[in-house]
Amino acid sequence: MKLIDHLRLIWKSILIITTAFMESIMESMIIQALVSANKPIGISRQRIKNYIIDNFYDGDMTMLDEIKDECNEVLKKGIENGTFGIRKGLTGPISLR
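With numbering that gives the first Met the number 0, letter number 24 in the sequence shown gets 23, and the count goes up by one each step, no holes.
Written out as structure tokens, the structure reads:
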């Protein structure tokens, strides 16, 4: 195996680890938003995003869309794996399971 192939493999591994770490952080922020709302029926996606932006966002406008996209992706995965629950269909409030 050539050096360039080793470097590509290392880079790919770093990207996988970084992505998993960032998803874990976002999941923790979503859980904090749900717990702080203290509503058993859950809260809207928009309220979750606003909580994350208000409490964890440093004000860099270039990252705002990426944060929202990451939040959507983590919510989707969390709903699929059972971490989060949805009431009243796909657009309903989100809660912890």
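Even glycine gets a Cβ: it sits at the ideal position worked out from N, Cα and C.
### Message
Taking contact to mean 3 or more Cβ pairs, one atom from each stretch, closer than 8 Å, check whether the region 67-74 and the region 31-51 are in contact.
### Response
yes
### Query
Using DSSP with H/G/I as helix, E/B as strand and the rest coil, what is L95?
The count along the sequence shown starts at 1 and reaches residue 95 at position 96. In this structure, L95 counts as strand in the three-state DSSP scheme.
### Task
Put G77 into one of helix, strand or coil per three-state DSSP.
Locating residue 77 in the sequence shown gives position 78, where the first residue counts as 1. G77: helix per DSSP, three-state reduction.
### Task
Starting from the C-beta of G81, find all residues in its chain whose C-beta is less than 7 Å away, skip the five residues before and the five after it, and write them out in chain order.
Taking the sequence shown and counting its residues from 1, the one referred to as residue 81 is at position 82. Hits under 7 Å: R96.
### Rounded distance between the beta-carbons of M28 and I51, thought under 8 Å
Taking the sequence shown and counting its residues from 1, the one referred to as residue 51 is at position 52. Taking the sequence shown and counting its residues from 1, the one referred to as residue 28 is at position 29. Right, their Cβ atoms sit about 5 Å apart.
### Task
Could you spell out the range, first to last residue, of the alpha helix (DSSP H) harbouring S9?
Within the sequence shown, residue 9 is the residue found at index 10, counting from 1. First, the amino acid is wrong: residue 9 is Ile here, not Ser. Run containing I9: 2-36, per the alpha helix (DSSP H) assignment.
### Task
Tell me where the beta strand (DSSP E) around I52 begins and ends.
One-based indexing of the sequence shown puts residue 52 at position 53. Per DSSP, I52 belongs to no beta strand (DSSP E); it is in the alpha helix (DSSP H), 44-55.
### Message
Relative to the C-alpha of S35, which candidate in N54, A19, G88, G91 has its C-alpha closest?
### Response
Here the question's residue 35 lines up with position 36 in the sequence shown. Comparing Cα positions, the closest option is N54.
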